[in-house]
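K.L.:
With my numbering, letter number 80 in the sequence shown gets 118, and the count goes up by one each step, no holes.
Glycine residues also receive a C-beta, built at the ideal position from the N, C-alpha and C atoms.
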Amino acid sequence: MLAIFKRPHLRACQEYAEIAVELNSLRRVPSFTDFERLLRGELKNIYGEAPEVFRNGIMYSTKSDPCSFACCLSCTQLDMLRDFDVAVEKEQQLQEKYQKAEEDYQRYTEENKDRKPTRKKLIEDEKARKRLKEMKRDAVDAEYEVQKLSKKLANVFDIAAIRVPLC
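(1) How would you label Leu81, buried or exposed, when you count the other beta carbons within 10 angstroms and need 16 or more for buried?
(2) So the candidates are Val194, Glu53, Ser69; which of them puts its Cα closest to the Cα of Arg93?
(3) Sort out for me which residues DSSP pairs Ser99 with in a bridge.
(4) Determine which residues share a DSSP beta bridge with Leu111 and list them.
(5) Which residue's Cα is closest to the Cα of Cys113: Ala199, Ala198, Val194?
(6) Look up Val178 in the DSSP assignment and say whether it is helix, strand or coil.
(7) Let me know the secondary structure DSSP gives Ala41 once reduced to three states.
(8) Could you spell out the range, first to last residue, of the alpha helix (DSSP H) harbouring Glu80?
(9) Have a look at Glu74, Ser188, Cys51 and flag the residue whose alpha-carbon is nearest the alpha-carbon of Phe43.
(10) Does DSSP put Arg153 in a helix, a strand or coil?
(11) For Arg78, which of Ser99, Ser69, Pro89 has the nearest alpha-carbon?
(12) In the DSSP assignment, find the beta strand (DSSP E) that holds Ala88 and state where it starts and stops.
(13) Pop quiz: Ala125 and Val59 are said to be a contact at Cβ under 8 Å. What is the actual Cβ separation, rounded to whole angstroms?
(14) Mapping DSSP to helix, strand and coil, what is Val126?
(15) Using the Cα positions of Leu170 and Asp179, report the straight-line distance between them to the nearest angstrom.
Listed below in structure tokens is the structure:
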């Protein structure tokens, strides 16, 4: 079981509970429905009951402003967290693939620099340069996607606690 929620809970009253959360565990939750199920289980475990529907939403605070629960945690944000992790992995793979291809191309051109350029060799070199250019474009696009998601998720990356309605 994922240890998303830290104990003891930060605060609780009749209307809501404030619970510190673990971002790395939150990232591994498969869906928002699963997150809500885990949250209901946590609330039932600690308080004896949990609402069927979180009416006013699940709000969260950030480490930079732990007393302000102004942000709403949504299904979209959890999906973007998973998308971010996938994008980071894809970007790393594309960068490694591009760097290896670039090194191979440099080594090949260095080894063959003294050979007389034939028409076939010139055509092959042009194709190799085009492939490298496409690989670099793919790597840069993946890097851009990571940066874009990173900006959208800045507050989620800084999540400190959630405020959950109890009624």
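P.N.:
Taking the definition as stated:
(1) Taking all protein chains in view, the Cβ of Leu81 is crowded by 16 or more other Cβ atoms within 10 Å, so the residue is classified as buried.
(2) The shortest C-alpha separation from Arg93 is found at Glu53.
(3) Answer is Ala199.
(4) Partner(s): Ile96.
(5) Closest option to Cys113, Cα to Cα, is Val194.
(6) In the structure shown, Val178 falls within a helical segment according to DSSP collapsed to helix, strand and coil.
(7) DSSP places Ala41 in coil when its eight states are reduced to three.
(8) For Glu80, the enclosing alpha helix (DSSP H) covers residues 70-85.
(9) When each option's Cα is compared against that of Phe43, the closest is Glu74.
(10) DSSP places Arg153 outside both helix and strand once states are collapsed to three, so it counts as coil.
(11) Closest by alpha carbon: Pro89.
(12) Premise fails: Ala88 is in no beta strand (DSSP E) and is neither H nor E.
(13) About 22 Å separates the two Cβ atoms, so there is no contact after all.
(14) Here Val126 sits in helix by DSSP.
(15) Computed Cα separation, rounded: 14 Å.
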